[in-house]
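Peer 1:
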Amino acid sequence: MKDIHVKETKYTPEIIYTAADNTMSIKGKSYPENADEFYAPVFEWLEKFFKEDNELHLTVNIELVYFNSSSSKALLNFLDMLEDAGDNDMKIVVNWIYDEEDDNMLEYGEEFKEDIDSIEFLLVPIESA
Amino acid sequence: MKDKIFVIKKNLNEKGVFLYFSGPISQDFLVEIGHTLRQKMELEKVSRSIIVKVFSVFIEHSQNIINFSAEQCNSDIEGSPTAGIGVIVVGFDGDNYFVSCGNTIHNSDVDIFNDILSRIKDMGKEKLKEYYKEELKKEVSKKSDGPGLSLIEVARKSGRPIEYKLTRIDEKHTFLTVKTVV
Numbered sequence: 069m070k071d072i073h074v075k076e077t078k079y080t081p082e083i084i085y086t087a088a089d090n091t092m093s094i095k096g097k098s099y100p101e102n103a104d105e106f107y108a109p110v111f112e113w114l115e116k117f118f119k120e121d122n123e124l125h126l127t128v129n130i131e132l133v134y135f136n137s138s139s140s141k142a143l144l145n146f147l148d149m150l151e152d153a154g155d156n157d158m159k160i161v162v163n164w165i166y167d168e169e170d171d172n173m174l175e176y177g178e179e180f181k182e183d184i185d186s187i188e189f190l191l192v193p194i195e196s197a
Numbered sequence: 004m005k006d007k008i009f010v011i012k013k014n015l016n017e018k019g020v021f022l023y024f025s026g027p028i029s030q031d032f033l034v035e036i037g038h039t040l041r042q043k044m045e046l047e048k049v050s051r052s053i054i055v056k057v058f059s060v061f062i063e064h065s066q067n068i069i070n071f072s073a074e075q076c077n078s079d080i081e082g083s084p085t086a087g088i089g090v091i092v093v094g095f096d097g098d099n100y101f102v103s104c105g106n107t108i109h110n111s112d113v114d115i116f117n118d119i120l121s122r123i124k125d126m127g128k129e130k131l132k133e134y135y136k137e138e139l140k141k142e143v144s145k146k147s148d149g150p151g152l153s154l155i156e157v158a159r160k161s162g163r164p165i166e167y168k169l170t171r172i173d174e175k176h177t178f179l180t181v182k183t184v185v
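So the sequence lines, in the order shown, correspond to chains A and B. The numbering of the first sequence is my numbering, which starts it at 69 and goes up by one. The numbering of the second sequence is my numbering, which starts it at 4 and goes up by one.
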């Protein structure tokens, strides 16, 4: 698959996929008023990726500092897709990256982690900026 | 002549209100005001967790106005920004920050709002978390967003039970007010 790069805006995150190391990253803030609309092309891309690509692994780095409730729905959708791929024997690692002083983001990460079975979901604290 | 704007400002300030807006609210608008709100609180050395909570409640309320206000201010041109008409208030009562919002809703939506708000009003932290997860999964299977997830998120950020009021305007419309104390 080709690399993708969705640029960050004031209220949507940067989304990158690099084929060279099979890594996807979502970084920044996410609070569009309709998150489904914003994430739809990313989900389409991901569906294609799982269908067409013969890669056996994918690393996803999620480093969000803030997201709204509409985006949390999109995130769950996203994780569900990753789980389905995990069920089909693809090795997927999700790194939930958060500022070590941000209890809020840690809590969200823990909540997503609770419902995950077939992929690796790691909580990764980073030093406060 | 009495300066009415000065009177309004004075009244609001006496209640601790430092941000008051009534009119069309769009995504661009809430992004800029939200940013200024954060800046103001950072300058006043408010703790980071309180800033995040106030900001989050402000965003959820404003987006609920965009998505669910019965009074809309939209053009037919595709891709043009949508705006919902409503009121948003942020203040500090001496001990806590509060965020209130108000907007007109259709009478046909009253039951939806009443059902969710009456449920979350008395829920504790754990119950709210369970309800959030339940609603999150339900919403994922639906095409469009309902107000449920957003209101539960607001309640989770609130330090006290949220207060709300539904005031019937006429046979088609009701005014909804929600107050959140962070």
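Cβ atoms here follow ideal geometry from the backbone N, Cα and C, with glycine treated the same way. The model shown is predicted, which means the values in this text are computed figures rather than measured ones.
Which residues in chain B have a C-beta closer than 8 angstroms to the C-beta of A/D171? List them in chain order.
Peer 2: The sequence position of residue 171 of chain A within the first sequence is 103, counting from 1. Neighbours of A/D171 in chain B, taken as residues whose beta carbon is under 8 angstroms from its own, are S52 in chain order.
Peer 1: Taking A/S139 as the query, report the chain B residues whose CB atoms sit under 9 angstroms from its CB, ordered along the chain.
Peer 2: Against the first sequence, residue 139 of chain A aligns to sequence position 71. Near A/S139 there are no residues of chain B at all, since even the closest Cβ is about 10 angstroms away, more than 9 angstroms.
Peer 1: Taking only runs of the alpha helix (DSSP H) that begin and end inside the segment 71 to 148 of chain B, which ones reach a length of at least 4 residues, in chain order?
Peer 2: 113 to 124 and 128 to 143
Peer 1: Go ahead and label B/F16 buried or exposed: buried means 16 or more other beta carbons lie within 10 angstroms of its beta carbon, across all protein chains shown.
Peer 2: Here the question's residue 16 of chain B lines up with position 13 in the second sequence. What sits at residue 16 of chain B in the sequence shown is Asn, not Phe. Exposed.
Peer 1: Starting from the Cα of B/T170, find the closest Cα among B/I108, B/I155, B/A158 and B/I88 and give me that residue.
Peer 2: Numbered from its first residue, the second sequence carries residue 170 of chain B at position 167. The shortest C-alpha separation from B/T170 is found at B/I108.
Peer 1: Would the beta-carbon of B/E174 be found less than 7 angstroms away from any heavy atom of the ligand NAD?
Peer 2: Ligands in the displayed structure: none, and consequently the ligand NAD is not present.
Peer 1: Compare the C-beta of B/I69 against all C-beta atoms of chain A and say whether one is closer than 8 angstroms.
Peer 2: The sequence position of residue 69 of chain B within the second sequence is 66, counting from 1. Output row for B/I69: interface = yes.
Peer 1: Please list, in chain order, the chain B residues whose beta carbon lies closer than 8 angstroms to that of A/L144.
Peer 2: Taking the first residue of the first sequence as position 1, residue 144 of chain A is located at position 76. L139, K140 and V143, listed in chain order.
Peer 1: Starting from B/V49, follow the alpha helix (DSSP H) in both directions and report where the run begins and ends.
Peer 2: Here the question's residue 49 of chain B lines up with position 46 in the second sequence. Run containing B/V49: none; DSSP gives neither H nor E here.
Peer 1: Could you check whether the Cβ of B/V55 sits closer than 8 angstroms to any Cβ belonging to chain A?
Peer 2: Locating residue 55 of chain B in the second sequence gives position 52, counting from the first residue. Chain A contact via Cβ: present.
Peer 1: Is the Cβ-Cβ distance between B/K182 and B/E156 less than 8 angstroms?
Peer 2: What you label residue 182 of chain B is simply residue 179 of the second sequence in a count that begins at 1. What you label residue 156 of chain B is simply residue 153 of the second sequence in a count that begins at 1. Contact flag unset, no.
Peer 1: Classify A/T77: buried if its beta carbon has 16 or more other beta carbons within 10 angstroms, exposed otherwise.
Peer 2: Numbered from its first residue, the first sequence carries residue 77 of chain A at position 9. With fewer than 16 other Cβ atoms within 10 Å, it is exposed.
Peer 1: I'd like to check one pair, A/Y79 with A/K95: are the Cβ atoms closer than 8 angstroms?
Peer 2: Here residue 95 of chain A corresponds to residue number 27 of the first sequence, with the count starting at 1. Here residue 79 of chain A corresponds to residue number 11 of the first sequence, with the count starting at 1. Not a contact, by the Cβ cut-off of 8 angstroms.
Peer 1: Alpha carbon to alpha carbon, what distance is there between A/Y176 and B/Y134?
Peer 2: Mapped onto the second sequence, residue 134 of chain B falls at position 131. Mapped onto the first sequence, residue 176 of chain A falls at position 108. Distance between the alpha carbons of B/Y134 and A/Y176 is about 14 angstroms.
Peer 1: Could you spell out the range, first to last residue, of the beta strand (DSSP E) harbouring B/R171?
Peer 2: Taking the first residue of the second sequence as 1, we reach residue 171 of chain B at position 168. Per DSSP, B/R171 belongs to the beta strand (DSSP E) from E166 to R171.
Peer 1: Could you name the residues that DSSP lists as bridge partners for A/V192?
Peer 2: Numbered from 1 along the first sequence, position 124 holds the residue referred to as residue 192 of chain A. In DSSP, A/V192 forms a bridge with A/I165.
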